[in-house]
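Just below is one structure, and these are the notes that go with it.
In my numbering, the protein residues as written are 10 to 464.
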């Protein structure tokens, strides 16, 4: 039965990732570009109710993730999320879903390069054009240099990626958490949560109001994009030392940790807004996207607090330097992970038989070398048609969730029926309720909330 599904670990790949490194691979992508921009974009759509967007999105992703975790514990493969549709549903569905997923995740590394460059423009304004919301020519050069760095670290080998991500991971967890605590402690304004027509605005300047705004903020505001990084522990499964047991732990733990940090950050962001200081009418949430804090939202909001609390100006200036360093390091760290994940997806598509076998060729460091080169070229091209953070985020979110509609709840049930004797170290509890109905419905709703133009 194992041979029927191709369920053998990728023997030629290096088994260098333990439980902690698999955990930090997922955390490394979840805590990347999302935490630097999503709190502002979510608030611009949903106001104070953006908190609900983070909670609902986290629960949706948790449903999808635990379904994927059962499959990953039974079939640990590198490039897994393009291989599972092929194993479970055959060539036709595998081809369509595999390519849909691949096209979406290829956009993640340029998103991280774009984010790092935008925050670097806080020190070098010539990198970013505030009036158009896009990088300048020099900004594009820097973004491409970031992409080149992502590729280089991945070429060194999977152990180098795991070590870099693990080393940077603790930093990436501490800085957002401490930043949120500082903002809450110094300048928390609870009245902001009902500004613009109540906690869930029924009127005001936002493009959507009521619960529609809460739901729309999830795909369009980058909320779901932030959580979707859970996949990395699954994508690197063939290079884990004990992936069948470690992947479910890594995936579920990463989402729960991220939910805590993101809810804290959104709480801090909304509470720290002082409308007169940033030049926005009170409750005019949609105006945040064009306000004085739009280029580097959390950093500029943190800086604005110096005018609210002059006594804390020296402390805020010192912490701002620490924060901005992390704002560049954090998405760069995610870029290392996402570049490797995209490379393994292309490797997986080739393993499924949808691409020539030379995409399976490994370098001397046992990395799929031609897959990595292809990801580098495609990442560079993605920056051209999708020059803004939001445009890339919306595209990659919908593309990935389209795949999760099937690779999740439906696939879990299908494997339970076709391969009942397959060893499953992690077995989804209450599968008939949680997997096909709820996980698939949740993914379908994300597509609906994204709007027709994005789809």
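From the three backbone atoms N, C-alpha and C, an ideal C-beta is built for every residue, glycine too.
Pick helix, strand or coil for residue i, following the three-state DSSP scheme.
{"i": "residue 363", "result": "coil"}
{"i": "residue 26", "result": "strand"}
{"i": "residue 449", "result": "helix"}
{"i": "residue 461", "result": "coil"}
{"i": "residue 67", "result": "helix"}
{"i": "residue 393", "result": "coil"}
{"i": "residue 245", "result": "strand"}
{"i": "residue 54", "result": "helix"}
{"i": "residue 137", "result": "strand"}
{"i": "residue 265", "result": "helix"}
{"i": "residue 374", "result": "coil"}
{"i": "residue 300", "result": "coil"}
{"i": "residue 218", "result": "coil"}
{"i": "residue 87", "result": "strand"}
{"i": "residue 437", "result": "coil"}
{"i": "residue 455", "result": "helix"}
{"i": "residue 144", "result": "strand"}
{"i": "residue 352", "result": "helix"}
{"i": "residue 3", "result": "Missing from the structure shown is residue 3; the chain here goes from 10 to 464 and no further."}
{"i": "residue 444", "result": "helix"}
Which term fits residue i, buried or exposed, when burial requires 16 or more other beta carbons within 10 angstroms of its beta carbon?
{"i": "residue 135", "result": "exposed"}
{"i": "residue 291", "result": "exposed"}
{"i": "residue 334", "result": "exposed"}
{"i": "residue 461", "result": "exposed"}
{"i": "residue 330", "result": "exposed"}
{"i": "residue 285", "result": "exposed"}
{"i": "residue 139", "result": "exposed"}
{"i": "residue 442", "result": "exposed"}
{"i": "residue 44", "result": "buried"}
{"i": "residue 437", "result": "buried"}
{"i": "residue 6", "result": "As displayed, the chain neither begins before 10 nor continues past 464, which places residue 6 out of reach and without an answer."}
Quick check: what's the CA-CA separation for residue i versus residue j?
{"i": "residue 236", "j": "residue 73", "result": "11 Å"}
{"i": "residue 325", "j": "residue 278", "result": "15 Å"}
{"i": "residue 148", "j": "residue 137", "result": "6 Å"}
{"i": "residue 373", "j": "residue 300", "result": "50 Å"}
{"i": "residue 428", "j": "residue 117", "result": "34 Å"}
{"i": "residue 463", "j": "residue 42", "result": "20 Å"}
{"i": "residue 432", "j": "residue 193", "result": "47 Å"}
{"i": "residue 89", "j": "residue 242", "result": "10 Å"}
{"i": "residue 401", "j": "residue 323", "result": "37 Å"}
{"i": "residue 93", "j": "residue 87", "result": "11 Å"}
{"i": "residue 77", "j": "residue 421", "result": "8 Å"}
{"i": "residue 189", "j": "residue 197", "result": "10 Å"}
{"i": "residue 360", "j": "residue 316", "result": "57 Å"}
{"i": "residue 454", "j": "residue 228", "result": "10 Å"}
{"i": "residue 220", "j": "residue 208", "result": "10 Å"}
{"i": "residue 30", "j": "residue 257", "result": "13 Å"}
{"i": "residue 357", "j": "residue 344", "result": "20 Å"}
{"i": "residue 110", "j": "residue 195", "result": "43 Å"}
Taking 6 Å as the limit between beta carbons, can you name the residues of its chain near residue i, skipping five residues before and five after?
{"i": "residue 310", "result": "281 and 302"}
{"i": "residue 214", "result": "For residue 214, the predicted structure reports a pLDDT of 46, less than 50, and the residue's modelled location is therefore unreliable. The matter cannot be settled from this model."}
{"i": "residue 267", "result": "39"}
{"i": "residue 346", "result": "34, 37, 38, 174 and 241"}
{"i": "residue 125", "result": "155, 337, 340 and 341"}
{"i": "residue 60", "result": "275"}
Since residue i contacts residue j with CB under 8 Å, what's their CB separation in whole angstroms?
{"i": "residue 112", "j": "residue 408", "result": "6 Å"}
{"i": "residue 53", "j": "residue 298", "result": "5 Å"}
{"i": "residue 223", "j": "residue 58", "result": "5 Å"}
{"i": "residue 354", "j": "residue 91", "result": "5 Å"}
{"i": "residue 106", "j": "residue 382", "result": "Actually they are not in contact, since the Cβ atoms of residue 106 and residue 382 sit about 24 Å apart, beyond 8 Å."}
{"i": "residue 97", "j": "residue 444", "result": "Contact flag wrong, Cβ pair sits at about 13 Å."}
{"i": "residue 246", "j": "residue 81", "result": "6 Å"}
Report all residues from its chain with a CB closer than 8 Å to the CB of residue i; omit the five preceding and five following residues, and keep chain order.
{"i": "residue 153", "result": "122, 389 and 392"}
{"i": "residue 477", "result": "It is not possible to answer for residue 477, since the shown part of the chain is limited to 10 through 464."}
{"i": "residue 378", "result": "164, 370, 371 and 372"}
{"i": "residue 63", "result": "51, 232, 268, 271, 272 and 275"}
{"i": "residue 263", "result": "32, 35, 36, 39, 238, 239 and 242"}
Can you find the residues in the same chain that come closer than 7 Å, C-beta to C-beta, to residue i, ignoring five residues on each side of it along the sequence?
{"i": "residue 66", "result": "227, 232, 233 and 236"}
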